[in-house]
Amino acid sequence: MPDNRPQPELQPEPQREKPRKSSLSLALITAALIIGLGGWGLTQLFDGGNSGGAVATATADNLTQAEKDARAQQFSAVPRYTLRRLDANEARSAIQNLPLPDDQKTALAQNIVPTADSQTQAAQPAWDKGGQQMVELVLWDNVAEDGDVVQVSSLGYSQTITITHAKQTLYFPAQYDVPVTITGIHDGGGGITLGFTGSGQPVSLPVMAEGQVISLYLQ
Numbered sequence: 001m002p003d004n005r006p007q008p009e010l011q012p013e014p015q016r017e018k019p020r021k022s023s024l025s026l027a028l029i030t031a032a033l034i035i036g037l038g039g040w041g042l043t044q045l046f047d048g049g050n051s052g053g054a055v056a057t058a059t060a061d062n063l064t065q066a067e068k069d070a071r072a073q074q075f076s077a078v079p080r081y082t083l084r085r086l087d088a089n090e091a092r093s094a095i096q097n098l099p100l101p102d103d104q105k106t107a108l109a110q111n112i113v114p115t116a117d118s119q120t121q122a123a124q125p126a127w128d129k130g131g132q133q134m135v136e137l138v139l140w141d142n143v144a145e146d147g148d149v150v151q152v153s154s155l156g157y158s159q160t161i162t163i164t165h166a167k168q169t170l171y172f173p174a175q176y177d178v179p180v181t182i183t184g185i186h187d188g189g190g191g192i193t194l195g196f197t198g199s200g201q202p203v204s205l206p207v208m209a210e211g212q213v214i215s216l217y218l219q
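Using full-length UniProt numbering, you'd call the opening residue of the sequence shown number 1 and step up by one each time.
Now the structure itself:
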């Protein structure tokens, strides 16, 4: 006998909404960009205060080994270099502009350019006999301007400088038989690359590492 009872009807499942992939992806990309840009800003902020006052750049020195060897050979080929020595008036002016206490300036001036009315000051020996004079050192970065920093020291006086493509001039006391020392303080990348004017010609110092010391003997 047929079953006349009503049969249950299958109801279609409700349409499920598909995830909005495009909107989600866009949101993730936007968030990544915000985080990335924020990190870039922090990097720039903190890179501005790196070692020795050097400004970090994207460019670094990239010399081949042959180029490094050539620099070292050029420098070592000359045992002594001539730096311009200041006359008495120039020396007095340079000493007054040094960042030293007044008593040290006075003592230095007496050693370099004793006054004519000084009765107790011994006569200064000639330069090549060990006399002290104020000299001029012109230096610069002769490869990539990447924030290299060096310290120049002579007779107990030191100056630390960030070298750039623009030439910079230092004045300091020197003595014929006492070398001027140049110390690598900060390497902006690829080695510290310093050029200077020696004996009237541009000279390349060997590529230096941080902490390395090179002695410069004067003629």
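No residue lacks a Cβ here, since even glycine has one placed at the ideal position from N, Cα and C. From a predicted model like this one, the values you see are computed outputs, not experimental measurements.
Should residue i and residue j be called a contact, given that it needs their Cβ atoms to be closer than 9 Å?
i, j, result
"L63", "T169", "no"
"G184", "G156", "no"
"G198", "T82", "yes"
"I161", "F75", "no"
"A174", "S158", "no"
For residue i, collect the residues of the same chain with a Cβ closer than 6 Å to its Cβ; drop the 5 residues on either side in sequence, then sort them by chain order.
i, result
"N111", "Q132"
"Q124", "G131"
"Y217", "R80, P179"
"G191", "D61, V207"
"E90", "none"
"L100", "none"
Would you mind working out which of the options sits nearest residue i, comparing C-alpha positions?
i, options, result
"A209", "D148, F75, S93, A77", "D148"
"residue 285", "D128, L205, A91, S153", "Here the chain covers residues 1 to 219 and nothing more, so residue 285 does not appear."
"A60", "N89, E145, K105, E67", "E145"
"R80", "A88, A107, V180", "V180"
"D177", "L98, I95, V207, W127", "W127"
"D87", "Y171, L139, G200", "Y171"
"Q201", "I95, D102, A166, L137", "L137"
"G188", "D69, D102, V150", "V150"
"L139", "Q96, R84, Q219", "R84"
"V113", "R92, Q104, Q219, D103", "R92"
Rounded to the nearest angstrom, how far is the Cβ of residue i from that of residue j, given a contact under 8 Å?
i, j, result
"T164", "D141", "6 Å"
"I182", "V152", "6 Å"
For residue i, which residues in the same chain have their Cβ closer than 8 Å to its Cβ, ignoring the five residues on either side in sequence?
i, result
"K129", "Y176"
"N97", "Y171"
Who are the near neighbours of residue i in its chain, counting only those whose CB is closer than 7 Å to its CB and skipping five residues on each side?
i, result
"Q73", "none"
"A94", "L86, M134, Y171"
"A166", "W140"
"D102", "none"
Could you name each continuous alpha helix (DSSP H) segment of 4 residues or more that falls completely within the region 68-103, going from the start of the chain to the end? 88-96
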